[in-house]
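Student: Here you go, one structure.
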Amino acid sequence: MTVNIGLIGCGGMGRAHVKRITEDLSGAQVVAAADLNPQAAEEVAAQVGGKAYGSGAELISDPNVDAVLVATFGKVHAPDVIAAIEAGKYVLCEKPLATTAADCKNIMQAEQRAGKKLVTVGFMRRFDQGYNQLKKAVDQGEYGPVLMVHNRHRNPTVPANYTSRMLIDDTAIHEIDTMRWLTGEEIKAVRVDPVRQTSRAHAGLEEPIVLVMYTDSGIRLDDEVNVNLGWGYSIECEVVMESAAARLGDQEKMFIRDINGNRNAICTSHIDRFKGAFDTEVQAWINAVAQDRHTGSTAWDGYAATSVVDAALESQKEGGKEIAIQLIAKPAFYN
Ligand code: ISE
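Quick note, in this note's numbering, the sequence shown goes up one by one and the last residue is 391.
Structure (structure tokens):
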């Protein structure tokens with residue numbers, strides 16, 4: 057079976073997914089594209105020979121669309137994800153699932169009403185080779201329990217419409233989810249430490265910040281979020297266990313040696329840095345949809361991560377106070 061995918065959101069991320077589905081993956085084709093910007097939808101539709109729509113709702117009700125890929129801004133995800141669930145269609149929703157825990161709860165309720173897990177959240181780092189090596193080192197237990205994890209999330213730059221809140225709900229959300237997955241624990245508390253501000257940020261953007269979080273067993277997690285470096289996309293993670301520290305660097309492969317010294321190439325985009333992870337994630341989703349089964353992270357994972365976001369935003373409002381995270385009881389549906 058070829059899975060007919062409808063894409064909602066024809067920006068950079070959506071187009072990168074179309075490219076991978078068309079050129080690199082198997083078992084699926086993109087048959088429709090929706091965007092509030094009609095020109096963007098038409099461009100993508102013309103590229104794949106599919107239909108263009110001006111809204112997610114219209115695309116979801118197209119009977120030719122088997123499954124839906126949502127790649128719009130996080131704050132507008134919820135209505136499209138709920139409409140896809142109500143239409144009984146599998147949906148791969150880019151992170152975050154939604155930007156408030158309340159919206160995530162509405163999505164979980166819709167899914168439970170449907171009686172079937174249909175939502176996969178695009179937490180692609182769970183598919184990254186390096187992060188999987190770290191997880192293996194943690195799970196095998198050879199080095200003892202995890203005590204703390206240091207994360208760095210550095211971007212070369214961010215667009216003018218990127219807001220201070222997005223440092224947390226759009227950028228740090230990756231580490232929030234990855235740390236839940238890596239440690240196998242929920243995050244019980246978070247605070248946001250203010251840092252001397254960079255002059256490189258656009259007016260009104262408060263950055264960098266450092267999130268400090270604690271898991272249920274007391275593992276301390278920190279995350280530097282620093283999004284206007286200028287020079288590269290740099291993701292680092294160091295897991296400190298009792299008898300070893302395992303570190304994930306940039307994974308740049310090529311080294312240059314010349315009169316200026318030894319150096320390696322710098323990656324500048326998350327789409328390149330995580331290409332392998334995105335490809336594996338989307339292929340796994342296509343394969344699962346073709347077999348009518350769920351795969352990957354669930355709406356519960358989306359909800360748990362966004363609950364940490366809500367608490368981090370509250371911490372910022374409270375001048376960096378530590379805020380406890382109150383999750384609802386996990387519905388058996390998500391076990
Ligand atoms: C973006 O949406 C991503 O997913 C990137 O991985 C992240 O680095 C960036 O900050 C986000 O805005």
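Beta carbons: idealized from backbone N, C-alpha and C, even for Gly. Remember, it's a predicted structure, so these values are computed and weren't measured experimentally.
Using a Cβ-Cβ cutoff of less than 7 Å, which residues in the same chain neighbour residue 91 once the five nearest sequence positions on both sides are dropped?
Tutor: Counting from one through the sequence shown, the residue named residue 91 turns up at place 35. The residues are 65, 66 and 97.
Student: Measure the C-alpha to C-alpha separation of residue 328 and residue 113 and round it to an integer number of angstroms.
Tutor: As a working note, residue 328 is residue 272 in the sequence shown. As a working note, residue 113 is residue 57 in the sequence shown. If you take the alpha carbons of residue 328 and residue 113, they lie about 31 Å apart.
Student: If we count the other Cβ atoms within 10 Å of its Cβ and call it buried at 16 or more, is residue 374 buried or exposed?
Tutor: Within the sequence shown, residue 374 is the residue found at index 318, counting from 1. Counting Cβ neighbours within 10 Å, residue 374 comes out exposed, since fewer than 16 surround it.
Student: I'd like the list of long-range same chain contacts for residue 340, defined as Cβ closer than 7 Å, with 5 residues on each side in sequence excluded.
Tutor: Numbered from 1 along the sequence shown, position 284 holds the residue referred to as residue 340. Taken in chain order, the residues that qualify are 351 and 352.
Student: The ligand ISE and residue 133: does the residue's C-beta get closer than 7 Å to at least one heavy atom of that ligand?
Tutor: The count along the sequence shown starts at 1 and reaches residue 133 at position 77. The answer is no for residue 133.
Student: Tell me, please, whether the stretch 150-166 touches the stretch 99-110 by the rule of three or more beta-carbon pairs shorter than 8 Å.
Tutor: Touching, no.
Student: Would residue 288 pass as a contact of residue 324 if the rule is Cβ separation under 8 Å?
Tutor: As a first step, residue 288 is located in the sequence shown; it is residue number 232 there, counting from the start. As a first step, residue 324 is located in the sequence shown; it is residue number 268 there, counting from the start. For residue 288 and residue 324, yes; Cβs fall inside 8 Å.
Student: If you reduce the DSSP assignment to three classes, tell me which class residue 350 lands in.
Tutor: Working through the sequence shown from its first residue, we reach residue 350 at position 294. Correct three-state label for residue 350: coil.
Student: Using DSSP with H/G/I as helix, E/B as strand and the rest coil, what is residue 363?
Tutor: Locating residue 363 in the sequence shown gives position 307, where the first residue counts as 1. Of the three classes helix, strand and coil, the one that applies to residue 363 here is helix, per DSSP.
Student: Three Cβ pairs or more, each shorter than 8 Å: is that satisfied between the stretch 182-197 and the stretch 219-232?
Tutor: The stretch 182-197 vs the stretch 219-232: no contact.
Student: On the DSSP bridge list, what partners appear for residue 176?
Tutor: As a first step, residue 176 is located in the sequence shown; it is residue number 120 there, counting from the start. Note: residue 176 sits in a beta bridge opposite 148.
Student: Are the stretch 254-263 and the stretch 284-299 touching, with three or more C-beta to C-beta distances below 8 Å?
Tutor: With a cut-off of 8 Å, the stretch 284-299 and the stretch 254-263 count as touching, because enough Cβ pairs lie within range.
Student: Please state whether the Cβ-Cβ distance between residue 85 and residue 120 is less than 8 Å.
Tutor: The residue you call residue 85 lines up with position 29 of the sequence shown. The residue you call residue 120 lines up with position 64 of the sequence shown. Not in contact: residue 85 and residue 120 (Cβ atoms no closer than 8 Å).
Student: Keeping to the same chain, check which residues put their C-beta closer than 6 Å to that of residue 196; ignore five residues upstream and five downstream.
Tutor: What you label residue 196 is simply residue 140 of the sequence shown in a count that begins at 1. Excluding positions up to five away in sequence, the list is empty.
Student: If you measure from the CB of residue 207, is any heavy atom of the ligand ISE nearer than 7 Å?
Tutor: Stepping through the sequence shown from its first residue, residue 207 is reached at position 151. No.
Student: From residue 244 to residue 102, what does the alpha carbon distance come to, in whole angstroms?
Tutor: Locating residue 244 in the sequence shown gives position 188, where the first residue counts as 1. Locating residue 102 in the sequence shown gives position 46, where the first residue counts as 1. Using only the alpha carbons, I get a separation of about 47 Å.
Student: Using a 10 Å radius around the Cβ and a threshold of 16 neighbouring Cβ atoms, would you call residue 227 buried or exposed?
Tutor: Looking up residue 227 in the sequence shown gives position 171. So residue 227 ends up on the buried side.
Student: Quick one: give me the first and last residue of the beta strand (DSSP E) that residue 207 is part of.
Tutor: Sequence index remark: in the sequence shown, residue 207 carries index 151 (1-based). Looking at the DSSP string, the run of the beta strand (DSSP E) that includes residue 207 is 202-210.
Student: By Cβ distance below 6 Å, which residues in the same chain neighbour residue 131 in space, the five residues on each side in sequence not counted?
Tutor: Indexing the sequence shown from 1 puts residue 131 at position 75. Result list for residue 131: 155, in chain order.
Student: Should residue 283 be counted as a contact of the ligand ISE given a C-beta to heavy atom distance under 7 Å?
Tutor: For this step, residue 283 is matched to residue 227 along the sequence shown. Checking every heavy atom of the ligand ISE against the Cβ of residue 283, one is found closer than 7 Å.
Student: Leaving out five residues on either side along the sequence, give the residues of the same chain with a beta carbon under 7 Å from the beta carbon of residue 157.
Tutor: Reading the sequence shown from its first residue, position 101 is the one you call residue 157. Closer than 7 Å at the Cβ level, and outside the excluded window around residue 157, lie 359, 362, 363 and 366.
Student: Residue 271 by DSSP, collapsed to three states: which one?
Tutor: As a working mapping, residue 271 is identified with position 215 in the sequence shown. Residue 271: strand per DSSP, three-state reduction.
Student: Which residue wins for smallest C-alpha separation from residue 58, given the options 315, 166, 344 and 301?
Tutor: For the purposes of this step, residue 58 is identified with residue 2 of the sequence shown, where counting begins at 1. Of the candidates 315, 166, 344 and 301, the one whose C-alpha sits nearest the C-alpha of residue 58 is 344.
Student: Given a cut-off of 8 Å, decide if residue 223 and residue 291 are closer than it, judged by their beta-carbon atoms.
Tutor: Indexing the sequence shown from 1 puts residue 291 at position 235. Indexing the sequence shown from 1 puts residue 223 at position 167. Cβ distance not < 8 Å, so residue 291 and residue 223 don't count as in contact.
Student: May I ask you to report which of helix, strand or coil DSSP gives residue 161?
Tutor: As a working note, residue 161 is residue 105 in the sequence shown. If DSSP states are grouped into helix, strand and coil, residue 161 belongs with the helices.
Student: Any heavy atom of the ligand ISE closer than 7 Å to the CB of residue 343?
Tutor: The count along the sequence shown starts at 1 and reaches residue 343 at position 287. Outside the cutoff, so no.
Student: Taking just the CA atoms, how far does residue 73 sit from residue 333?
Tutor: Residue numbering aside, residue 333 sits at position 277 when the sequence shown is read from its first letter. Residue numbering aside, residue 73 sits at position 17 when the sequence shown is read from its first letter. So the two alpha carbons sit approximately 12 Å from each other.
Student: Would the beta-carbon of residue 326 be found less than 7 Å away from any heavy atom of the ligand ISE?
Tutor: Numbered from 1 along the sequence shown, position 270 holds the residue referred to as residue 326. At least one heavy atom of the ligand ISE is nearer than 7 Å to the Cβ of residue 326, so yes.
Student: Could you check where the beta strand (DSSP E) with residue 125 kicks off and where it finishes?
Tutor: As a working note, residue 125 is residue 69 in the sequence shown. Segment 123-126, the beta strand (DSSP E) holding residue 125.
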